[in-house]
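Residue numbers (the working numbering), protein chains in the order written: chain A, 1 to 322; chain B, 1 to 309.
Idealized CB from N, CA, C, for every residue including glycine.
Bear in mind that the values here come from a model prediction, so they are computed numbers and not experimental data.
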C-alpha cells in the first residue's frame, strides 16, 4: 500500500462531503453482517424485512446526519435523545388538544431548534466543552419533559399523524421517504451551499476559515441549531410510530447516532468525515439490531452490541490505516 | 484555598436557608442522612475526579455502579457469601475501568466517547442480566455497611472519610498523584519529562472503575435491593459533584476535598427540594443547570487566569 501524499490533511469539498477516500470500517462490517443474517436469520432477506430495517433506521438517520456535522466541528451533542423525547411530548400534547398537525410540528421544530441554539451558544459563545454543555442541556430537556408530563405517556393524539405515518406511497413507507429526503438535503443542498465544508473546516482549520472572511462562529452555532431542528423533525416520526408522547421515549438515542457516525468513519479530530459514511453506519446499526432480533437476542443485548460494534469498527479502521 | 472557602460558604448559605424554610432540615437525623447520601455520591465521584484531573472523564461510573451492584447481589444470593459477592462487584468494577483505559490509551478514543459507549453497553448488559428481576433482602451484617451506625454516625461516612484521607495523601504527596496533575496540565510536557502517560491513564481509569465497584457494594448495602435501573440516576450527580467542587474539566487542577464539598452541595439542594416537597421530576433539570453553571465558572476562572499570565 502506498502512503498518502504529503499534505493529505487538506480536504477538498468533494472529499469531505462524499464517501471518504478510504472505505469506512463499517462497510467491512455491513457486508458480512448481511451475509450472516441472510443465512441464519429467518426471513431476513425478504423485501418486507428490508423495508422494516429502513423504517427502523429512519429516526436514527435524522439524528446521525446533523451529528456528523457536530462531530466534524470536534464537538458532540449528547442532548439529542432527550430533546427528541421532549419534542415528541410537546407535539403529542398539542395533538391531544386538537391544535392540528402543522402546529404540533412547528412547536416541535421550535423547541428542538431552541435547544440546538442554546447548545451552540454554550459551546461557541461561552466556550464550554461540548460534551458537558450538552450533558447539561440533556438534563434540562429531560427535566422539562418529565415535569410537563408528570412522567406519564401522552396518549389520545388522534388519527391524523398515525395515518400519515402509516402511508406507503409507491409501496415505500413514509418514514423511509422522510429519511431519504433528509439525506438528499444534507448530501446535496447543504454540501452545495458549503455548509458541510464549513462544518468540517471549523474542526479542521478554523483559523483559515476566519481568515477567509467566513463568520465561523455563526456557522458553528448553526451546526448545533441544525442538530436541535432535526431532533424536532424526528419527533414527527417518533410520535407517529408510537402514537403517543413519552418523556423518555428516545433517551440514549444520541448514543446510537454517535455510534453510527463513528462506525461510518467520521473522526473526532480535524473535521474528517462523510455523510455517506454515516449512512453506511446507520444501516449497519439497523441491520445489526434487526438481525439480532430475528435471532431472538434480547433488546438489551442489542444495545450492548452497538458498543461492541463501535470498538470493532475502530479496530478495523486502525488496522487499515497501518 | 480561597476557592474552597467560597464553596463552604455556599454550603453554609444553602444550609441556613433550608433551616429557616423547613422545620426538619436542622435535625440530627436529617443532617446525618444528608452526610450519608453525600458520602455515597463522593465514593462514586472520587475516581471520576482522578480521571478529570488528567483532562479526561469517566461517564460510565453510574452504569458501572449499577451492573457491579447487580453482580455482587447475584453472587451474594447464590453463594451465601458476602465476601464473594463483594469480590465479584469490586472485580467487575475494576474490569470496566481496565477496558475504559484500554479504549482510551490503545484505541485512542476521546475519553468521553469511550466511557459514554461503555455507559450504554453496560446498561444493555445490566437489563439483559437482570431480566426485569429484583434481588433483595441481604444479611443484616452486610446491610450495616450501608445503613448501620457506629458511635451514632452512619457507616458510609467512615468509608468516605477513609477514602478522602487516603485519596488526599495519594494525590498530594505521592509521585503518582503529581503525575496525574501533570498529565492533566500538559500531557505532552508530562510525557517529555518522563511520565509514563499511557500506563498512568490506564491506572487512573482502573481506579475509577474500582471506586465505582466499591460504591456499588456500599450502595447495595444501603438499598438492600438490586435492580437493573439503579445506576442510571447516578452519573449526572457524580459529574456535577466534581464540577461544583472546582475540579477543572480542562485537567490539572482540583481536589478530592472539593469533590466532597460538591457532593455535599448537591445533596443539600436535592434534600432541600425533597423537604420543600418539590416534584422529583425537577431534579434532572436542576442538576443540568448546576452542571452548566459550574463549567461556565470553570471556563471564566480559566480565562481570567490566562489573561493574567
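- With a cutoff of 7 Å on beta-carbon distance, residue 273 of chain A and residue 266 of chain A are scored as near each other.
- Only exposed fits residue 304 of chain B, as fewer than 16 other CB atoms lie within 10 angstroms of its CB.
- The continuous alpha helix (DSSP H) containing residue 298 of chain B extends over residues 283–308.
- Residues of chain A whose Cβ lies closer than 8 Å to the Cβ of residue 249 of chain B are, in chain order, 129, 132.
- With respect to chain B, the C-beta atom of residue 146 of chain A has a partner C-beta closer than 7 Å.
- In this structure, residue 236 of chain A sits away from residue 157 of chain A, with a CB-CB distance that is not shorter than 7 Å.
- Within 9 Å of the CB of residue 25 of chain B, no CB atom of chain A is found; the nearest one sits about 23 Å away.
- Chain-order list of chain A residues neighbouring residue 123 of chain B: 252, 300, 303, 304, by C-beta distance under 9 Å.
- By a beta-carbon distance limit of 8 Å, residue 29 of chain A does not contact residue 296 of chain B. Their separation comes to about 40 Å.
- Here the alpha carbon of residue 166 of chain A sits roughly 35 Å from the alpha carbon of residue 116 of chain B.
- Listed in chain order, the non-local C-beta contacts of residue 280 of chain A below 7 Å within the same chain comprise 24, 26, 27, 30, 264, local neighbours out to five positions each way being set aside.
- Judged by DSSP in its simplified three-state form, residue 217 of chain B adopts helix.
- Taken through DSSP and simplified to helix, strand or coil, residue 28 of chain B comes out as helix.
- Only residues of its own chain outside the window of five on either side were considered, and among them 69, 72, 73, 223 have a CB closer than 6 Å to the CB of residue 199 of chain A, listed in chain order.
- Runs of the alpha helix (DSSP H) lying entirely within the stretch 122–171 of chain A, each at least 4 residues long, are 130–149, 160–166 in chain order.
- Listed by position along chain A, the residues whose Cβ is nearer than 9 Å to that of residue 95 of chain B form an empty set, because the closest Cβ is around 15 Å away.
- For residue 246 of chain B against residue 3 of chain B, the beta-carbon gap comes to about 5 Å, under 8 Å, which counts as contact.
- Assigned with DSSP and collapsed to three states, residue 297 of chain A falls in coil, not helix or strand.
- Residues of the stretch 269–282 of chain B whose Cβ lies closer than 7 Å to any Cβ of chain A, in chain order: 279, 281, 282.
- An exposed status is given to residue 80 of chain B, since fewer than 16 other beta-carbon atoms sit within 10 Å of its beta-carbon.
- Annotated as distal: residue 288 of chain B and residue 291 of chain A, with beta-carbon spacing of 7 Å or more.
- Cβ contact annotation for residue 85 of chain B (same chain, cutoff 6 Å, sequence separation greater than five): 72, 75, 76, in chain order.
- 7 Å or more divides the Cβ of residue 277 of chain A from the Cβ of residue 113 of chain A.
- Residue 193 of chain B: not part of any alpha helix (DSSP H); DSSP gives it neither H nor E.
- In this chain, residue 97 of chain A is not harboured by any alpha helix (DSSP H), its DSSP state being neither H nor E.
- Within chain A, no residue has its beta carbon less than 9 Å from that of residue 184 of chain B; the closest one is some 14 Å off.
- At least one C-beta of chain B is nearer than 7 Å to the C-beta of residue 255 of chain A.
- In the three-state DSSP reduction, residue 46 of chain B falls in the helix class (H, G or I).
- Apart from the 5 residues on each side of it in sequence, residue 228 of chain B sits with its Cβ closer than 6 Å to the Cβ of 126, 127, 130 in its chain, given in chain order.
- Against chain B, the CB of residue 59 of chain A has no partner CB under 7 Å away; the residue lies outside that interface.
- Beyond the five residues adjoining it in sequence on each side, residue 305 of chain A comes within less than 7 Å, by CB distance, of 288, 292 in the same chain, given in chain order.
- Taking a cut-off of 8 Å on C-beta distances, the stretch 230–240 of chain B touches the stretch 41–53 of chain B, as three or more cross pairs fall below it.
- Between residue 276 of chain B and residue 266 of chain B, the alpha-carbon positions lie close to 15 Å from each other.
- Residue state for residue 139 of chain B is assigned as coil, using DSSP reduced to three classes.
- With respect to the C-alpha of residue 263 of chain B, the residue from B:37, B:24, B:23 having the closest C-alpha is B:37.
- By the neighbour-count definition (other C-beta atoms within 10 Å, threshold 16), residue 134 of chain B is an exposed residue.
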